[in-house]
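Q:
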Amino acid sequence: DTGVSQNPRHKITKRGQNVTFRCDPISEHNRLYWYRQTLGQGPEFLTYFQNEAQLEKSRLLSDRFSAERPKGSFSTLEIQRTEQGDSAMYLCASSRGQNYGYTFGSGTRLTVV
Amino acid sequence: EDKVVQSPLSLVVHEGDTVTLNCSYEVTNFRSLLWYKQEKKAPTFLFMLTSSGIEKKSGRLSSILDKKELSSILNITATQTGDSAIYLCAVLSGNTPLVFGKGTRLSVIA
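Here it is in structure tokens:
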């Protein structure tokens, strides 16, 4: 069990640029979640996958956001045409299933300048 | 819409004090309540409480679920500076992913 791995750890980008983050979950976990956390807030749900199927997307996930988990293993989260309001910590988590707790990665901190 | 509310939002105590953090929830089809500790980055799991396991304890930390009052408390006894962190409460309900509260920022000063 190597834990949930996220890359990069930090990303600074100019407004309008596209960014992509990667998450590698714990290998035997079939569920993968993306959350966003801003200062003074708890993590807010964005989307989740069971294996390769994207089962739910939050209304927070605008059209500029897209997530994939092509082979049911790692996942990517892409933000197109970044805005300053996208600056946040993006957390990935995985779990064995619906009734299990989540294991979180260390997050990717995005700063849009 | 599912809701999780934590109180207080921040707390400063001296080493050795006992603290109680509160979490209340309004969700449909409650399944479980989880506590996480977040220091610098990743939230780390502390406890999961369900209808069949309403009280958990690990060292100086303990937690109780009150299903009647739709709430939970997290107790930390004999606090240490290493307990300084944000404590997050989250609820699993129905088929929805974890819903988190805003967290309680605990600062323990020597």
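Top line first, the protein sequences correspond to chains A and B.
Per this note's numbering, numbering of the first sequence is gapless, rising by one per residue and ending at 99.
Per this note's numbering, numbering of the second sequence is gapless, rising by one per residue and ending at 445.
Beta carbons: idealized from backbone N, C-alpha and C, even for Gly.
Count the C-beta pairs between the region 350 to 365 of chain B and the region 49 to 69 of chain A that are closer than 8 angstroms, then say yes if the count reaches three, no if not.
A: No: the two stretches stay apart, fewer than three of their Cβ pairs being nearer than 8 angstroms.
Q: Please confirm whether A:Ala74 and A:Arg(-5) have their CB atoms less than 7 angstroms apart.
A: For the purposes of this step, residue 74 of chain A is taken as residue 88 along the first sequence, with counting starting at 1. For the purposes of this step, residue -5 of chain A is taken as residue 9 along the first sequence, with counting starting at 1. No. Outside cutoff.
Q: What number of angstroms, rounded off, separates the C-alpha of A:Glu64 from the C-alpha of A:Tyr34?
A: In the first sequence, the residue the question calls residue 64 of chain A occupies position 78. In the first sequence, the residue the question calls residue 34 of chain A occupies position 48. The straight-line gap from Cα to Cα measures roughly 14 angstroms.
Q: Determine the closest residue to A:Tyr76 out of A:Thr(-12), A:Gly28, A:Gly(-11), with distance taken between C-alpha atoms.
A: Against the first sequence, residue 76 of chain A aligns to sequence position 90. Out of A:Thr(-12), A:Gly28, A:Gly(-11), A:Gly28 has the C-alpha closest to the C-alpha of A:Tyr76.
Q: Using a Cβ-Cβ cutoff of less than 6 angstroms, which residues in the same chain neighbour B:Ser345 once the five nearest sequence positions on both sides are dropped?
A: What you label residue 345 of chain B is simply residue 10 of the second sequence in a count that begins at 1. Cβ neighbours of B:Ser345 beyond the five flanking positions: Arg440.
Q: Residues in the region 433 to 445 of chain B with C-beta within 8 angstroms of chain A's C-beta atoms, listed in sequence order?
A: Answer set for the region 433 to 445 of chain B: Leu433, Val434, Phe435, Gly436, Lys437, Gly438.
Q: For the beta strand (DSSP E) that contains A:Gln(-8), what are its first and last residues?
A: Here residue -8 of chain A corresponds to residue number 6 of the first sequence, with the count starting at 1. Note, A:Gln(-8): beta strand (DSSP E), -9 to -7.
Q: Would you decide whether A:Ser80 is buried or exposed? Buried here means 16 or more other CB atoms lie within 10 Å of its CB.
A: Mapped onto the first sequence, residue 80 of chain A falls at position 94. A:Ser80 comes out buried.
Q: For the beta strand (DSSP E) holding B:Asn357, just list the boundary residues, first then last.
A: In the second sequence, residue 357 of chain B corresponds to position 22, counting from 1. First-last of the beta strand (DSSP E) with B:Asn357: 354 to 361.
Q: Quick one: what's A:Pro29 bridged to in DSSP?
A: Taking the first sequence and counting its residues from 1, the one referred to as residue 29 of chain A is at position 43. In DSSP, A:Pro29 forms no bridge with anything.
Q: Under DSSP, the beta strand (DSSP E) around B:Val434 begins and ends at which residues?
A: The sequence position of residue 434 of chain B within the second sequence is 99, counting from 1. Where B:Val434 is concerned, the enclosing beta strand (DSSP E) stretches over 431 to 435.
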